[in-house]
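In full-length UniProt numbering, the protein residues as written are 1 to 397. Ideal Cβ positions, reconstructed from N, Cα and C, are used throughout, including at glycine. Note that the coordinates shown come from a computational prediction; the quantities given were computed from them, not determined experimentally.
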């Protein structure tokens, strides 16, 4: 177990105990101290669970909310992330009431014990300091770890929350929360929560008549959709989209040329013409100076990398259907293709998870990984003879 996390937890527990017993100033941040002071006015620190509303009423409110419509395309992905990462994911309204949750079996059991369920009130005046309440108050992505929570029953948790804003008005409409137990704390929790809250905000923008966005499936057989409609593009247009998606900050014309063509004798005017044609196909969705995509993008390569960075190789494997544009000679995309291939294989191999290795082996030929899988499967596992046969077919002794 991470010694740094243990020390942080012990330090916070001492500070909390001192504050609860004496009300004295303790060595925590000013924001946390102010939240504890507000919490003390309405919440006993020994409170066991959050107040909760009738489930039928909450389900109706969720179905009718803009948050449900905006997050609907992401719910399966969030649920898979929660299951793989031993998390519970929640979406709450602007008042701090949970509207939707999904998580692993373990986290669901823990959540039910404290009413971290749809209908639960997780505003500060109901349960004291927590990430969800602080995100709504500060309008920032926040982490609340262990005894930073005011109520003692949540001291074994770490929670990451990010506000969800109306893209047009800036109004906070709700909050997205990722939670797990304290020993699984990771710096990537803040990044992931902020990322998915941003995707929900994009969905809110689409609901107001904005562009719904571009979906790029370029790892494996290429498939591109715009506003849900399939686009039939050339291999070069797939390359241009991949480069633009991997460089969201934008590129000059010269940089685009180097990324796509390398040393090939292709003129800048030819590239400009190709970009112009692609812009037309995207309904104007490519800005210039610098060149960049100007509409929301979901790109399987970026999603797979984010899952790997979050320590979720299973999620990355779900998204990754093969090498990134395998016939492309672009130097930039060649690097990314080799990088994603190697990163995913290494993550799966290091997991030593037979189920994950089996899923990988069903799709990709890899004698070394098959050998590792053979050593991990139990003697009576029906997959064992199949693994041995696959190794023999690949010429592995």
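Give the straight-line distance between the Cα atoms of residue i and residue j, rounded to the nearest whole angstrom.
{"i": "residue 364", "j": "residue 323", "result": "10 angstroms"}
{"i": "residue 81", "j": "residue 163", "result": "19 angstroms"}
{"i": "residue 56", "j": "residue 68", "result": "16 angstroms"}
{"i": "residue 210", "j": "residue 268", "result": "Note that residue 210 scores 43 on pLDDT, short of 50, meaning its location in the model is unreliable; the coordinates nonetheless yield the value given after this. For residue 210 and residue 268, the distance between alpha carbons rounds to 32 angstroms."}
{"i": "residue 240", "j": "residue 254", "result": "13 angstroms"}
{"i": "residue 171", "j": "residue 165", "result": "5 angstroms"}
{"i": "residue 375", "j": "residue 313", "result": "20 angstroms"}
{"i": "residue 7", "j": "residue 116", "result": "27 angstroms"}
{"i": "residue 20", "j": "residue 92", "result": "28 angstroms"}
{"i": "residue 183", "j": "residue 392", "result": "43 angstroms"}
{"i": "residue 205", "j": "residue 366", "result": "43 angstroms"}
{"i": "residue 342", "j": "residue 350", "result": "12 angstroms"}
{"i": "residue 280", "j": "residue 59", "result": "42 angstroms"}
{"i": "residue 70", "j": "residue 133", "result": "21 angstroms"}
{"i": "residue 355", "j": "residue 41", "result": "50 angstroms"}
{"i": "residue 395", "j": "residue 348", "result": "22 angstroms"}
{"i": "residue 18", "j": "residue 299", "result": "49 angstroms"}
Tell me whether residue i sits in a helix, a strand or coil according to DSSP, three-state version.
{"i": "residue 47", "result": "coil"}
{"i": "residue 114", "result": "coil"}
{"i": "residue 89", "result": "strand"}
{"i": "residue 233", "result": "coil"}
{"i": "residue 353", "result": "coil"}
{"i": "residue 122", "result": "coil"}
{"i": "residue 386", "result": "helix"}
{"i": "residue 202", "result": "helix"}
{"i": "residue 210", "result": "Only weak support is given to the placement of residue 210: the predicted model assigns it a pLDDT of 43, under 50, and the value that follows is read from those uncertain coordinates. Reduced to three states, the DSSP call for residue 210 is coil."}
{"i": "residue 282", "result": "coil"}
{"i": "residue 291", "result": "strand"}
{"i": "residue 315", "result": "helix"}
{"i": "residue 391", "result": "helix"}
{"i": "residue 341", "result": "helix"}
{"i": "residue 194", "result": "helix"}
{"i": "residue 398", "result": "No statement about residue 398 is possible, as the shown extent of the chain runs from 1 to 397 and does not include it."}
{"i": "residue 26", "result": "coil"}
{"i": "residue 101", "result": "strand"}
{"i": "residue 149", "result": "coil"}
{"i": "residue 459", "result": "Any answer about residue 459 is impossible in this case: the structure gives the chain only from 1 up to 397."}
{"i": "residue 52", "result": "strand"}
Could you tell me if residue i is buried or exposed, where buried requires 16 or more neighbouring beta carbons within 10 angstroms of its beta carbon?
{"i": "residue 330", "result": "buried"}
{"i": "residue 266", "result": "exposed"}
{"i": "residue 123", "result": "buried"}
{"i": "residue 305", "result": "buried"}
{"i": "residue 177", "result": "buried"}
{"i": "residue 389", "result": "exposed"}
{"i": "residue 48", "result": "exposed"}
{"i": "residue 378", "result": "exposed"}
{"i": "residue 169", "result": "exposed"}
{"i": "residue 222", "result": "buried"}
{"i": "residue 273", "result": "exposed"}
{"i": "residue 118", "result": "buried"}
{"i": "residue 105", "result": "exposed"}
{"i": "residue 338", "result": "exposed"}
{"i": "residue 149", "result": "buried"}
Hey, residue i and residue j: beta-carbon distance below 8 angstroms or not?
{"i": "residue 174", "j": "residue 61", "result": "no"}
{"i": "residue 180", "j": "residue 86", "result": "yes"}
{"i": "residue 102", "j": "residue 78", "result": "yes"}
{"i": "residue 245", "j": "residue 278", "result": "no"}
{"i": "residue 51", "j": "residue 125", "result": "no"}
{"i": "residue 256", "j": "residue 271", "result": "yes"}
{"i": "residue 408", "j": "residue 357", "result": "One cannot answer for residue 408 here, as it falls past the ends of the chain, which runs 1 to 397."}
{"i": "residue 141", "j": "residue 190", "result": "yes"}
{"i": "residue 9", "j": "residue 146", "result": "yes"}
{"i": "residue 399", "j": "residue 248", "result": "Residue coverage of the chain in this structure runs from 1 to 397, which leaves residue 399 outside it and unanswerable."}
Starting from residue i, trace the alpha helix (DSSP H) both ways and give me its first and last residue.
{"i": "residue 9", "result": "3 to 22"}
{"i": "residue 370", "result": "367 to 376"}
{"i": "residue 163", "result": "Element bounds for residue 163: not the alpha helix (DSSP H) but the beta strand (DSSP E), 157 to 165."}
{"i": "residue 308", "result": "300 to 309"}
{"i": "residue 325", "result": "Premise fails: residue 325 is in no alpha helix (DSSP H) and is neither H nor E."}
{"i": "residue 138", "result": "131 to 138"}
Since residue i is in the beta strand (DSSP E), which residue starts that stretch and which ends it?
{"i": "residue 223", "result": "223 to 226"}
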